[in-house]
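Heads up, the thing below is written out as structure tokens.
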Amino acid sequence: MPLLSRRDLLTHLAQLSAVGAGALALPGCYGDSTYDLDRETATQWAERAAALEQGGVYTPAAPGEWAGKEAAHTPTATLMDMGGALTVKAFVNHVMTAEHWISGVYFRDQDNNVFFLQELSYTDGDPGAEKGVTVYAQVPAGVTAVTAFAYCNLHDCWRSETVSRAAAAT
Ligand SMILES: [Fe+2]
413 MPLLSRRDLL THLAQLSAVG AGALALPGCY GDSTYDLDRE TATQWAERAA ALEQGGVYTP
473 AAPGEWAGKE AAHTPTATLM DMGGALTVKA FVNHVMTAEH WISGVYFRDQ DNNVFFLQEL
533 SYTDGDPGAE KGVTVYAQVP AGVTAVTAFA YCNLHDCWRS ETVSRAAAAT
């Protein structure tokens, strides 16, 4: 009896390629970074992130007009080894409803370059959870520090603490 059905395997591979397609696009050169990222994708992500940040980027230390909303909006960023690939996990403990949701999560490296961006629907919340949304991305070689950003459709953009590659769990 096979451990994994053909359907499960195909689903798994599709999920893997969906992740890889974003983080590991065509080889190229992007700014001063040492990792490969398709220039067109990088430009789109950079422009999108800049647009999301137009209303400001908030942190628990500087919540601005959104004081009191820190816990639900500040993403956490955690580095981990997943099958030999350094991966960053972002989590935001926010509701995901049609009226109020986290509509985008992205990551910047030590040079402020965006190396992954994911648009989200309110239906993309963590399965089975009352609230919260999680996004994973592979960390490209050359990236030494990662900061996660989360955008709420009502409460603007929020930034995590920066985590360094040296702090990754091995
Ligand atoms: Fe919000």
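Each residue of the sequence shown is one higher than the one before, starting from 413 at the first, in the working numbering. Think of the CB as a built atom: it goes at the ideal place given N, C-alpha and C, for glycine as much as any other residue. Computed from a predicted structure; not experimentally measured.
Alpha-carbon to alpha-carbon, residue j and residue i
{"i": "Gly467", "j": "Glu542", "result": "28 Å"}
Where residue i sits in the DSSP three-state scheme
{"i": "Gly495", "result": "coil"}
{"i": "Glu531", "result": "strand"}
{"i": "Ala553", "result": "coil"}
{"i": "Asp521", "result": "coil"}
{"i": "Gly476", "result": "helix"}
{"i": "Asp536", "result": "helix"}
{"i": "Trp570", "result": "strand"}
{"i": "Thr490", "result": "strand"}
{"i": "Ala483", "result": "helix"}
{"i": "Ala502", "result": "strand"}
{"i": "Thr546", "result": "strand"}
Residue i Cβ short of 7 Å to ligand 1 heavy atom set
{"i": "Leu449", "result": "no"}
{"i": "Cys569", "result": "no"}
{"i": "Ala484", "result": "yes"}
{"i": "Leu566", "result": "yes"}
Beta-bridge partners of residue i, as assigned by DSSP
{"i": "Val575", "result": "Val558"}
{"i": "Thr471", "result": "Ala474"}
Query raised in the report: On the three-pair Cβ rule with 8 Å, is the stretch 543-551 touching the stretch 496-510?
Result: yes
Report task. Would you be able to state if there are at least three C-beta pairs under 8 Å between the stretch 514-521 and the stretch 560-569? Result -> Touching, per the Cβ criterion.
Query raised in the report: Is it a yes or a no for the stretch 452-464 touching the stretch 517-528, going by three-plus beta-carbon pairs under 8 Å?
Result: yes
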